[in-house]
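First up is the structure itself, then whatever we jot down about it.
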Amino acid sequence: AQTKRCILTDRVHSEDTRKRERQLLMPLEGLGPPFEGPNGIMFRAGFWKGKPVVLRMSSASSTGYENVFKQGGSKKRNRPYVAKFKRVGEKTQRHLPDSNSATAEEAAAKLAYHHEYGSELPPPAARQPRRSPEVRS
Numbered sequence: 017a018q019t020k021r022c023i024l025t026d027r028v029h030s031e032d033t034r035k036r037e038r039q040l041l042m043p044l045e046g047l048g049p050p051f052e053g054p055n056g057i058m059f060r061a062g063f064w065k066g067k068p069v070v071l072r073m074s075s076a077s078s079t080g081y082e083n084v085f086k087q088g089g090s091k092k093r094n095r096p097y098v099a100k101f102k103r104v105g106e107k108t109q110r111h112l113p114d115s116n117s118a119t120a121e122e123a124a125a126k127l128a129y130h131h132e133y134g135s136e137l138p139p140p141a142a143r144q145p146r147r148s149p150e151v152r153s
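The sequence shown lines up with residues 17 to 153 when you count with our numbering.
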């Protein structure tokens, strides 16, 4: 039986790809115990990418963190947790890019980092309205 070999070159893995891979493997550091904030909201403090972040907890969420969800079919997924957010003026939540995570804490840290230090995301892609189906006789 022949096996296929994949040869990785510097052209394939640019510096941006390596940086993104390091960020995905970066652990959540120094996650402290939960503490109560204003209005009875619970928080946890930690460090993500070397900067302090505050994770917002939620007793109503099955993951334990606000705006962090477990995706369907998670038995087959390596990183089933995802963070979502809602922009000002939009009606629905959007998936935070690169927020797929192995743990809910990690997804919450990525969301907190985005809120605190993140740059502006590109606007959503414009979509054309659906066409009416053609009826052939």
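All C-beta atoms in this analysis are idealised placements derived from N, C-alpha and C, irrespective of residue type, glycine included. Every value quoted in this text rests on a predicted model; they were computed, and no experiment measured them.
Based on the DSSP secondary-structure assignment, which residues constitute the bridge partners of residue i?
i: Lys67; result: Trp64
i: Glu45; result: Phe63
i: Glu52; result: Met58
i: Val84; result: Ala99
i: His131; result: DSSP lists no partner for His131.
Run through DSSP, which three-state label would residue i get?
i: Gln144; result: coil
i: Ala124; result: helix
i: Gln39; result: For Gln39, the predicted model reports a pLDDT of 48, less than 50, meaning its position is unreliable and no value from the coordinates is stated.
i: Arg93; result: coil
i: Ser75; result: coil
Decide if residue i is buried, meaning its Cβ has at least 16 other Cβ atoms within 10 Å, or exposed.
i: Glu82; result: buried
i: Thr79; result: buried
i: Gly56; result: exposed
i: Gly105; result: exposed
i: Pro96; result: buried
i: Gly88; result: exposed
i: Val151; result: exposed
i: Asn116; result: buried
**Study point:** Given 8 Å, three or more beta-carbon pairs between the segment 62-77 and the segment 118-126
**Key:** yes
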